[in-house]
Amino acid sequence: AQKVTQAQTEISVVEKEDVTLDCVYETRDTTYYLFWYKQPPSGELVFLIRRNSFDEQNEISGRYSWNFQKSTSSFNFTITASQVVDSAVYFCALSELTGNQFYFGTGTSLTVIP
Amino acid sequence: KAGVTQTPRYLIKTRGQQVTLSCSPISGHRSVSWYQQTPGQGLQFLFEYFSETQRNKGNFPGRFSGRQFSNSRSEMNVSTLELGDSALYLCASSLASGRPQQYFGPGTRLTVL
Numbered sequence: 104a105q106k107v108t109q110a111q112t113e114i115s116v117v118e119k120e121d122v123t124l125d126c127v128y129e130t131r132d133t134t135y136y137l138f139w140y141k142q143p144p145s146g147e148l149v150f151l152i153r154r155n156s157f158d159e160q161n162e163i164s165g166r167y168s169w170n171f172q173k174s175t176s177s178f179n180f181t182i183t184a185s186q187v188v189d190s191a192v193y194f195c196a197l198s199e200l201t202g203n204q205f206y207f208g209t210g211t212s213l214t215v216i217p
Numbered sequence: 078k079a080g081v082t083q084t085p086r087y088l089i090k091t092r093g094q095q096v097t098l099s100c101s102p103i104s105g106h107r108s109v110s111w112y113q114q115t116p117g118q119g120l121q122f123l124f125e126y127f128s129e130t131q132r133n134k135g136n137f138p139g140r141f142s143g144r145q146f147s148n149s150r151s152e153m154n155v156s157t158l159e160l161g162d163s164a165l166y167l168c169a170s171s172l173a174s175g176r177p178q179q180y181f182g183p184g185t186r187l188t189v190l
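First to last, the protein sequences are chains A and B.
Here the first sequence is numbered in our numbering, starting from 104 and rising by one per residue.
Here the second sequence is numbered in our numbering, starting from 78 and rising by one per residue.
This is the structure in structure tokens:
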């Protein structure tokens with residue numbers, strides 16, 4: 104069965120610090136997608152990044168970067184030079200190749216202190 | 078392009094009543110999925126509709142149902158409401174089933190008294 108674990112429940116950082124959010128997943132599928140979403144207080148889930156299982160290249164997009172390691176089933180997300188506007192709950196999610204069912208982690212609440 | 082819209086945004090009902098929530102996907106998107114978010118259970122998949130057919134269903138009782146119309150708009154219905162049904166209900170749209178890039182709406186916050 105698919106499962107996503109976000110062990111960090113809450114994180115607080117001071118503005119301009121870097122912060123890494125951890126995500127570990129379980130799946131028996133050989134091909135799958137991994138996502139990070141941000142949920143501000145308004146409630147809407149905002150898409151951040153997507154990675155498919157057959158592409159382990161790690162990338163940087165602006166202040167966001169991610170580290171996908173299939174060998175350890177981890178998909179960590181880093182925000183560099185954090186800003187107050189980054190304060191939100193961040194969700195890691197896993198999706199099978201077929202169908203659109205997402206399996207979400209329990210979320211990490213990030214607070215950036217000015 | 079307009080995003081996913083959900084109506085109403087807030088709803089208060091009493092136990093035993095039924096409720097219908099609406100979701101309009103992004104134009105051109107044909108797949109709509111529904112999720113329930115509660116503090117205790119987190120985000121849980123309810124069901125997915127594509128081309129007016131339910132493609133996948135999560136582990137929820139039969140009180141939760143949905144449908145999709147020919148214009149891809151979707152509704153979900155909860156009958157005989159229970160206190161535990163209080164939650165944020167999120168709708169997500171994607172181009173098609175099997176196209177995992179989903180875009181979420183702002184949600185409908187349901188409170189059951």
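Where a beta carbon is used, it is the ideal one built from N, C-alpha and C, also for glycine.
When C-beta distances to chain B are compared with 7 Å, the residues of the region 127–155 of chain A below that value are Y136, S145, G146, E147, L148, F150, R153, in chain order. Counting only the Cα atoms, A79(B) lies some 33 Å from I114(A). Taking Y128(A) as reference, the option from K119(A), V122(A), Q109(A) with the minimal CA-CA separation is Q109(A). Proximity of chain B to T181(A) at the Cβ level (cut-off 8 Å) is not reached, the minimal Cβ distance being about 22 Å.
Between G119(B) and F207(A), the C-beta spacing is below 8 Å. Using a Cβ-Cβ cut-off of 8 Å, F178(A) is close to nothing in chain B; its nearest Cβ partner there is about 14 Å away.
Per DSSP, the continuous beta strand (DSSP E) segment holding C100(B) begins and ends at 96–101.
Taking C-beta separations shorter than 6 Å and ignoring five residues to either side along the sequence, the partners of Q179(B) in its chain run A169, S171, following chain order.
The alpha-carbon separation between Y126(B) and R132(B) amounts to approximately 6 Å. Between the region 132–139 of chain A and the region 82–94 of chain B, the count of C-beta pairs closer than 8 Å stays below three; the two stretches do not touch.
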